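Working notes, structure below.
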């Protein structure tokens, strides 16, 4: 029998994997260094949470969370698609502050700083998913679907255009590709997937507050993507497993709980800096960040 | 009421313009977005707090401690990370990610040492308050305005008249040509980091005295700083001052119509408007740099 702690870790890995694969799509395959990825995740989680609380059927909750996040991502891409890389990253970073401010203020929907309690899990087969073991299988199905979808997508003609945009936008333009449109499509798909990851998270923990979605939480996702290697799906899977499990070591050293959170951030930031200096391509990277 | 809003806008704007100009200063010479600059502000503010409250040092000594710590951190980041990365000719995106990691690293270290609570610098509780046509202004606020003004006059003369200032402008304009004329690029980068960090340290003191200090203050301030400099024209120091003043006015005016916690929403809206209609900012020149193709 799997212990509940182990199941918890596997579910966490699964949710992070979906988020990391979608970031890989935007960042590794299309060259859009999106610092607002965590806020897309947050939007997905909140849409799912709100929808279950008002009693929508669960398939609609997932669909609304994913499609809603995709829509937000599309708008962001339309607004920023013509800007240079730095500006895109900074605007998305600014967007993450905007999202937190909106959550704190839009109390009717988000319940402000108190967060949303009482989020429901999908209710099929007599609420079987309330058991974490079955929920793990549900997450696993989501992960496998995402994995194959992203693998197929990046091998498709559209995926090739995305990679061309990443490598040399001007050249792709000269070859008659609509790079602006490609970026919008790529970020929207990335948003759709991370919105789904966010709804899985909301369904799993059943309570969400603004605390877990600050810009500094981007650190782990960026770390996963760079450690796994940009544009490497296999690498992303391996690095997600390693990096999600890594801070669990700290649990066995009895550290006070107030240090656990920032200690984890120190661990990841040192690792990210070391990676950038010594191994910028990660374990299986195809390209370096442009 | 009107006077109070004008005064508040000027003070917020001055503090933001300190951040934005120091950020712009580094951006204009080194050509990358240094989010780690936020950490230099946090460290300065926390060490001011520490030396005043815990070590009970005198105020002038504490100021010195704050500015020195900001400069040391700025130099440390440049010499140990950015310099090595530049040697490998890495892209701006990698430098941006590295600076983000540095920002989170130092904020987390501050959180481990000082805890995640908000601290208030005691000194700020008993400062003199002046009445000015029905509006209140504290001695700290007056010194913010005066210091910012003096600092910008000094900066203007520094860039126009001094040899180092001219070298920095040359590197900002065209690195290759500047290097051909015998200007040491690395030395110029170092100077701009020192100068930027001094301004960050001064800003840290004002933020510590005027508001409160928390571990995440650096990232919040650096956001305001770069939004101010994008509005004004990134890379242009006078532009970033104008942009930040505008940001200060917008924030304080928004309080008239919306709850004050909506400030971040207003700020982001302003950023989007500028990115859409005038990505080069108020004073910026439209160049290859703002738009890729």
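Protein chains in written order, with my numbering: chain A, 1 to 290; chain B, 1001 to 1293.
Note that beta-carbon positions come from the ideal geometry of N, C-alpha and C, so glycine has one too.
Predicted model, so just to flag it, every value in this text is computed and none were measured.
Taking the beta carbon of residue 1259(B) as reference, the chain A residues within 9 angstroms of it are 105, listed in sequence order. Taking the Cα of residue 1120(B) as reference, the smallest distance to any Cα among 1236(B), 1208(B), 1281(B) is reached at 1208(B). The beta carbon of residue 91(A) sits closer than 6 angstroms to those of 80, all from its chain and outside the five residues before and after it, given in chain order.
Rounded to whole angstroms, the gap between the alpha carbons of residue 186(A) and residue 30(A) is 7 angstroms. Listed in chain order, the positions of the region 1098-1118 of chain B with a beta carbon within less than 9 angstroms of a beta carbon of chain A are 1098, 1100, 1101, 1102, 1103, 1104, 1105, 1106, 1107, 1108, 1109, 1110, 1111, 1112, 1115, 1116. Across the structure, residue 13(A) and residue 1192(B) are spaced so that their CA atoms are roughly 43 angstroms apart. Cβ atoms of residue 1200(B) and residue 1070(B) come within 8 angstroms of each other, at about 5 angstroms.
The region 29-96 of chain A is shown to contain whole alpha helix (DSSP H) runs of 4 or more residues at 37-53, 58-80, in chain order.
Contact annotation: residue 1013(B) and residue 1240(B) have beta-carbon atoms that are not nearer than 7 angstroms. Under DSSP, residue 1132(B) forms a beta bridge with 1135(B). Using a CB distance below 8 angstroms, no part of the region 1009-1027 of chain B faces chain A. Against chain B, the beta carbon of residue 97(A) has neighbours under 7 angstroms at 1223, 1264, 1268, listed in chain order. Taking residue 60(A) as the centre and dropping the five residues before and after it, the same chain places the C-beta of 51 closer than 8 angstroms to its C-beta, in chain order. Chain-order list of chain A residues neighbouring residue 1033(B): 86, 89, 90, by C-beta distance under 8 angstroms.
Two segments are said to touch when three or more pairs of C-beta atoms, one from each, lie closer than 8 angstroms; by this definition the region 1074-1083 of chain B does not touch the region 189-198 of chain A.
Residue-level contact by beta carbon holds for residue 1271(B) and chain A, with a gap shorter than 7 angstroms.
Taking the CA atoms as reference points, residue 1185(B) sits about 13 angstroms from residue 1026(B). Using beta-carbon distances, residue 1193(B) does not count as an interface residue toward chain A, since no partner is under 7 angstroms. Among the residues facing chain A, residue 1040(B) is not included, as its CB has no counterpart in that chain under 7 angstroms away. Separation of the CB atoms of residue 282(A) and residue 216(A) is rounded to 21 angstroms, and the pair is thereby denied contact status at 8 angstroms. With a cut-off of 8 angstroms on Cβ pairs, the region 226-242 of chain A is not in contact with the region 34-52 of chain A, counting fewer than three such pairs. With a minimum length of 4 residues, the unbroken runs of alpha helix (DSSP H) contained wholly in the region 88-176 of chain A fall at 107-110, 132-155, 157-167, 169-174. For the C-beta of residue 1226(B), the chain A residues within less than 7 angstroms are, from N- to C-terminus, 90. Taking a contact as a CB-CB distance under 8 angstroms, the pair residue 32(A) and residue 183(A) counts as one, their CB atoms being some 6 angstroms apart. Close partners of residue 242(A) in chain B (Cβ separation under 8 angstroms) are lacking, with about 18 angstroms as the shortest Cβ gap.
Among the residues facing chain A, residue 1093(B) is included, as its CB has a counterpart in that chain under 7 angstroms away. With its beta carbon less than 7 angstroms from one in chain A, residue 1096(B) belongs to the interface. The count of Cβ pairs closer than 8 angstroms, one atom from the region 1249-1256 of chain B and one from the region 1155-1175 of chain B, stays below three, leaving the stretches out of contact. Considering only beta carbons, no part of the region 1050-1070 of chain B lies closer than 9 angstroms to chain A. It is roughly 7 angstroms from the alpha-carbon of residue 117(A) to the alpha-carbon of residue 208(A).
Within the DSSP bridge table, the entry for residue 1213(B) names 1119(B) as partners.
The DSSP assignment places no complete run of the beta strand (DSSP E) inside the region 1043-1105 of chain B (cut-off: 3 residues).
In this structure, the straight-line span from the alpha carbon of residue 1211(B) to that of residue 288(A) is close to 41 angstroms.
Across the structure, residue 1132(B) and residue 1003(B) are spaced so that their CA atoms are roughly 8 angstroms apart. In the DSSP assignment, residue 208(A) forms a beta bridge with 116(A). In this structure, 262(A) is the residue among 262(A), 277(A), 235(A), 275(A) with its C-alpha nearest to the C-alpha of residue 1106(B).
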